[in-house]
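Protein chains in written order, with my numbering: chain A, 839 to 955; chain B, 119 to 229.
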């Protein structure tokens, strides 16, 4: 149980285009989803927290207009990187938690490798 | 602010030998602590967690960790390492409902 999927697993896009990454909780309802960014050989950096049906809360320094997060249902959250640039190339990982657990029990997706050319 | 430190960036261990990964936290109260493992190009898998109670925590894949308040540590151990244990290991603590990760320790297993 507690499986989280991400799609796509990797994507290459041209500079200036937008890319959408999906995060799904397959066998549980995720009231809270988290989006992380990971640079090579580095740790995970929390970008934003999203609760189903409400606006995402972004961490300091993360551009909310560039990284659009939507958590429209209890099983799906999306991250859209708008007007992507090469510096947005990174490994994006989502995690999901169900009600009453918050960050205590986060289940992580396999990640999405974004390369912007 | 609460933080997690992993002093060792890289550790090389022989297959069959024991492994210990260090993790130190800075937090006044008892933190919620986690160890995750990440294989190359993959997401994170939870190895074990500590919330309260018994300070020696058993996890999956033969790992265990011991919470030591006096040393502000939560070190991860495995008695006998397998080649499949080669990966990146992250210690994390819960900070106001969000996970704070350490920098990670890369484990290399040699034959």
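Think of the CB as a built atom: it goes at the ideal place given N, C-alpha and C, for glycine as much as any other residue.
Legend entry - residue 212 (chain B) - DSSP class collapsed to helix/strand/coil: strand
Legend entry - Residue-level contact to chain B via CB, residue 913 (chain A), 8 Å cutoff: no
Legend entry - Inter-stretch contact at 8 Å, needing at least 3 Cβ pairs: the stretch 154 to 170 of chain B / the stretch 182 to 193 of chain B: Enough Cβ pairs lie closer than 8 Å, so yes.
Inset, instruction - Find out if the Cβ-Cβ distance for the pair residue 219 (chain B), residue 205 (chain B) is shorter than 8 Å. - result: no
Legend entry - Residue range of the unbroken beta strand (DSSP E) whose run includes residue 905 (chain A): 905 to 911
Legend entry - Per-residue contacts from residue 881 (chain A) into chain B (C-beta, under 7 Å): Taking a Cβ-Cβ cut-off of 7 Å, the neighbours of residue 881 (chain A) in chain B comprise 208, 219, 220, 221, 222, given in sequence order.
Legend entry - Identity of the residue in A:872, A:931, A:841, A:858 nearest residue 890 (chain A) by Cα: A:872
Legend entry - Test: residue 166 (chain B) CB closer than 8 Å to a CB of chain A: no
Inset, instruction - Would you please verify whether the beta carbon of residue 854 (chain A) is less than 8 Å from any beta carbon of chain C? - result: Absent from the structure: chain C. Protein chains present are A and B.
Inset, instruction - Pick helix, strand or coil for residue 852 (chain A), following the three-state DSSP scheme. - result: coil
Inset, instruction - Measure the alpha-carbon distance for residue 148 (chain B) versus residue 164 (chain B) and round it to whole angstroms. - result: 20 Å
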